[in-house]
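Just so we're aligned, residue 1 is where the sequence shown starts under UniProt numbering, counting upward by one.
No residue lacks a Cβ here, since even glycine has one placed at the ideal position from N, Cα and C.
Structure, as structure tokens:
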Amino acid sequence: MLRTFLAGLVLLTTPIVGGKDADQPYVFMVSVQQADGEHFCGGSLVKPEWVLTAAHCVQNNPPGDMRIRAGSNELAKGGEILPVSKVVVHSGFDGVKPGNDIALLRLALPAKSAPIPIAAAPPGTVTRLLGWGQTCPQLGQCGPAPVLQQLDTQVIAVGRCLDIDGALELCTDSPGSVSGACYGDSGGPQIVKDGTQWRLAGLTSRSGNDSSVCGSGPSIYTNVFAYTDWITQQTM
Numbered sequence: 001m002l003r004t005f006l007a008g009l010v011l012l013t014t015p016i017v018g019g020k021d022a023d024q025p026y027v028f029m030v031s032v033q034q035a036d037g038e039h040f041c042g043g044s045l046v047k048p049e050w051v052l053t054a055a056h057c058v059q060n061n062p063p064g065d066m067r068i069r070a071g072s073n074e075l076a077k078g079g080e081i082l083p084v085s086k087v088v089v090h091s092g093f094d095g096v097k098p099g100n101d102i103a104l105l106r107l108a109l110p111a112k113s114a115p116i117p118i119a120a121a122p123p124g125t126v127t128r129l130l131g132w133g134q135t136c137p138q139l140g141q142c143g144p145a146p147v148l149q150q151l152d153t154q155v156i157a158v159g160r161c162l163d164i165d166g167a168l169e170l171c172t173d174s175p176g177s178v179s180g181a182c183y184g185d186s187g188g189p190q191i192v193k194d195g196t197q198w199r200l201a202g203l204t205s206r207s208g209n210d211s212s213v214c215g216s217g218p219s220i221y222t223n224v225f226a227y228t229d230w231i232t233q234q235t236m
């Protein structure tokens, strides 16, 4: 669940604890990888040439050192592999203050997989988390999940999370206090169902209880809807 600590903020970068294997294709779901294929974060296709992920995942990564795999529920095969040509980190992200943990990756070629639209998710909204991060709660106890994991949860009141910017972030429940995002899930999507279509509401950011134990409390997600204008401006 967690990748690193920045000024006391526990950042989620590594599968989902307490989830299950994905029960359907999520073609918008992206594995953000090093050039050698090692997974380190999740992401979502929001346009054919653009992937949305967490700023803390890619802040210091040159585009040539990264690639993405899209259109497959399996981490190491299937779908399509595309190089990254540009990294756009939100200028307000500093790794210290809450908020602005959002970045865009421009792909060298447009993906064939379909992107996901964006939606708002107020408290009480039922959501689903996706990721290939650790499925064990302690850092380093296990590696990335080979098959995409999903977990159903909901957005809860921002006051349930510590060190959160309620205007820019979502507080997400941990079902049974034993389930949630984990190391390697950072940047991955929190999605909501709209009829037969999934929409993107959040990006995995960090722990909501300042614990390094995955799923022990709520998680904080970047509120994608709050950045709709920024995304539009950067991807024009």
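- Following the DSSP letters along the chain, one finds V58 inside the alpha helix (DSSP H) bounded by residues A55 to V58.
- Counting every other CB atom within 10 Å of its CB across the protein chains shown gives N60 a total below 16, marking it as exposed.
- Each residue's CA atom was taken as its position, placing T153 and V192 some 10 Å apart.
- In this structure, G18 and V30 do not form a Cβ contact; the two beta carbons are roughly 22 Å apart against a cut-off of 8 Å.
- Fewer than three beta-carbon pairs drawn from the segment 163-172 and the segment 68-78 are found closer than 8 Å, and the two stretches are therefore not classed as touching.
- With distances taken between CA atoms, D65 lies nearest to A108 out of D210, A108 and G92.
- Judged by DSSP secondary structure, I118 falls outside any beta strand (DSSP E); it is assigned neither H nor E.
- In the DSSP assignment, K112 is bridged to no other residue.
- Approximately 12 Å separates the beta-carbon atoms of V32 and A55; this is outside 8 Å, ruling out the contact.
- The C-beta distance from T235 to I118 rounds to 12 Å, too long to meet the 8 Å contact threshold.
- Excluding its 5 nearest sequence neighbours in each direction, P63 has C-beta neighbours in its own chain below 6 Å: V84, S85, K86 and V87, listed in chain order.
- Look at A103 here: in three-state DSSP terms it is strand.
- Annotated as proximal: V213 and Q138, with beta-carbon spacing under 8 Å.
- In terms of Cα proximity to G215, the closest of P123, G180, D94 and V27 is G180.
- One alpha carbon belongs to F93, the other to I231, and they sit about 15 Å apart.
- A226 and S91 have their C-alpha atoms some 15 Å from each other.
- Pairwise C-beta distances place the segment 33-53 in contact with the segment 97-115, as three or more of them are shorter than 8 Å.
- Excluding the 5 residues flanking it on each side, L162 has same chain C-beta neighbours closer than 8 Å at G208, N209 and D210, in chain order.
- Counting other Cβ atoms within 10 Å of its Cβ, V178 stays below 16 and is therefore classed as exposed.
- When V155, T135, G133 and T125 are compared, the shortest CA-CA separation from I220 is found for V155.
- Taking 8 Å as the cut-off, the Cβ atoms of P98 and D194 do not count as close.
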